[in-house]
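Chemist: Have a look at this one.
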Ligand code: ADP
């Protein structure tokens with residue numbers, strides 16, 4: 005079997021950039037992204053300036069390969085059957101109901117994909133888990149494929165977790181630290197692994213392609229995210245101590261990071277980590293540990309999420325204190341994306357800090373260069389239940405069109421995302437800079 009056609013189910017933040025880069029690097033393979041959301045497919049086929057995912061460099065690649073060997077389609081069944089390799093890149097949110105609610109990953113989208121693959125496949129397929137999944141999900145996918153699939157068809161399941169960081173997805177994909185491929189140690193498993201290696205080998209040196217068994221690969225993804233998030237919570241917890249003692253967090257991170265054993269990455273203080281993965285993956289890890297009776301281990305990792313929530317509350321309280329609890333004051337919130345260079349606001353600290361401030365009675369003027377008005381509004385409305393007071397949302401927030409509009413209307417400016425355009429802001433009003441990005445003198449920085 006030669007891999008000539010790839011189908012990727014899920015055209016989101018993971019599927020979109022990953023498949024665009026594979027298409028660019030492998031011009032002899034046709035790649036089709038399918039998605040159950042037809043609006044998303046139309047947007048991928050539409051204006052290059054309004055693609056569903058914003059990532060530096062993505063638009064240029066899509067321009068180059070779209071319609072050549074990268075396609076976006078609503079025809080899921082047909083594209084599954086036409087492909088030798090199928091990537092599953094659907095979202096795996098935290099469960100909201102049933103056993104493990106609030107912790108375990110909800111696999112309903114993955115399960116529905118597996119059923120669809122089983123139903124549509126008339127020849128052998130290699131199924132690649134790209135979505136972050138709890139350990140041993142491959143086993144579940146395999147069960148579904150063998151129960152629902154046609155007789156005589158072989159499905160090989162590979163785990164190939166995505167380690168890209170949003171905001172730098174394209175450069176991460178071009179120059180991955182490592183590509184991890186987990187597969188069965190059987191003859192057919194090894195063949196499937198080699199097929200996937202031959203795709204990545206087109207641009208990743210072989211020494212950076214690591215093969216493991218499926219379970220190690222699945223767990224490595226959760227553990228990597230948990231360790232990265234742990235560094236953020238570590239420095240954020242210390243930023244609270246800095247505030248009280250007069251130590252400077254920036255100096256502290258520099259001093260710590262210069263130790264080669266520790267290194268400089270992920271030691272910047274912030275309003276807390278966001279994004280779709282860190283919290284979800286840690287909670288997932290916590291759930292797994294509890295499931296296996298490792299309560300102490302579960303508690304150890306859970307603390308990383310608790311410190312993240314603490315940091316968000318701490319910042320909202322700091323703003324409140326700075327304004328002397330005069331809730332008739334207006335606050336300018338600069339930044340809604342969970343970090344710069346992405347339009348993704350999932351789990352962004354801006355959401356939680358803003359709702360906390362609305363709960364305290366403040367009115368917000370919000371600006372972000374890439375997150376749409378509509379998204380900011382739904383993020384707030386969808387989380388209205390977090391408002392712990394009689395204040396309702398009526399007239400409590402305005403989405404601004406510019407930094408100037410935001411500053412002009414506010415009594416205090418709160419910088420929550422490290423967008424470079426916030427570095428130059430100048431105002432006599434108090435600025436609380438949670439990203440240490442503003443170059444001018446500020447009232448408070450973390
Ligand atoms: P991620 O950050 O993991 O890529 P996204 O939410 O950006 O998450 O993307 C996941 C995509 O998967 C969404 O566009 C969603 O519509 C799509 N999706 C979810 N379930 C299915 C399914 N069963 N079939 C096809 N697409 C699906």
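In this note's numbering, the protein residues as written are 5 to 450.
We treat Cβ as the ideally placed atom computed from N, Cα and C, and that holds for glycine.
For a test of the three-state rule: what should DSSP assign to residue 420, helix, strand or coil?
Modeler: Coil at residue 420, not helix or strand.
Chemist: Under 8 Å by Cβ, that's how I've got residue 254 and residue 440 pegged, so tell me the actual separation to the nearest angstrom.
Modeler: Contact flag correct, Cβ pair sits at about 6 Å.
Chemist: Which partner residues of residue 13 appear in the DSSP bridge assignment?
Modeler: Its beta-bridge partners are 38 and 92.
Chemist: Would you tell me roughly how many angstroms separate the C-alpha atoms of residue 95 and residue 158, rounded to the nearest one?
Modeler: Distance between the alpha carbons of residue 95 and residue 158: 25 Å.
Chemist: Specify, as a first and last residue, the run of the beta strand (DSSP E) that residue 437 falls within.
Modeler: Note, residue 437: beta strand (DSSP E), 434-437.
Chemist: Ignore the nearest five residues each way along the sequence and tell me which others in residue 345's own chain have a CB closer than 6 Å to its CB.
Modeler: These residues qualify, in order along the chain: 60 and 171.
Chemist: Buried or exposed for residue 315, going by 16 or more other Cβ atoms inside 10 Å?
Modeler: Under this definition residue 315 is a buried residue.
Chemist: In angstroms, rounded to a whole number, what distance separates the CA positions of residue 101 and residue 108?
Modeler: Whole-angstrom Cα-Cα distance: 10 Å.
Chemist: Would residue 324 and residue 367 be called neighbours here (beta carbons separated by less than 7 Å)?
Modeler: Taking 7 Å as the Cβ cut-off, residue 324 and residue 367 do not qualify as a contacting pair.
Chemist: Reducing DSSP to helix, strand and coil, say where residue 336 ends up.
Modeler: Three-state result, residue 336: strand.
Chemist: What did DSSP end up calling residue 122 once you bin it into helix, strand or coil?
Modeler: Helix at residue 122.
Chemist: So does residue 18 have its beta carbon nearer than 6 Å to some heavy atom of ligand 1?
Modeler: Yes, since a heavy atom of ligand 1 falls inside the 6 Å radius drawn around the Cβ of residue 18.
Chemist: Distance cutoff 7 Å, beta carbons only. Does residue 117 sit that close to anything in chain D?
Modeler: The chain inventory of the structure shown lacks chain D, comprising one protein chain alone.
Chemist: Under 7 Å between the Cβ atoms of residue 281 and residue 229?
Modeler: Yes, they are a contact pair.
Chemist: Under 6 Å from any heavy atom of ligand 1, does the C-beta of residue 286 make it?
Modeler: No, the Cβ of residue 286 stays beyond 6 Å of every heavy atom of ligand 1.
Chemist: Assess contact between the segment 297-312 and the segment 334-342, defined as three or more Cβ pairs (one per stretch) separated by less than 8 Å. Is contact present?
Modeler: Output reads no: the segment 334-342 does not touch the segment 297-312.
Chemist: Restricting to Cα atoms, I'd like to know which of 429, 392 and 348 is closest to residue 374.
Modeler: Of the candidates 429, 392 and 348, the one whose C-alpha sits nearest the C-alpha of residue 374 is 348.
Chemist: Taking the straight line between their C-alpha atoms, what separation do you get for residue 12 and residue 417?
Modeler: Roughly 42 Å between the two C-alpha positions.
Chemist: For ligand 1, I want to know if residue 383 counts as a neighbour, meaning its beta carbon is within less than 6 Å of at least one of the ligand's heavy atoms.
Modeler: For ligand 1, not one heavy atom lies less than 6 Å from the Cβ of residue 383.
Chemist: If you follow the alpha helix (DSSP H) that residue 282 is in, where does it begin and where does it stop?
Modeler: Taken as a continuous stretch (DSSP letters only), the alpha helix (DSSP H) holding residue 282 covers 282-295.
Chemist: Should residue 268 go down as buried or exposed, given a rule of 16 or more other Cβ atoms within 10 Å for buried?
Modeler: Exposed, because fewer than 16 other Cβ atoms sit within 10 Å of the Cβ of residue 268.
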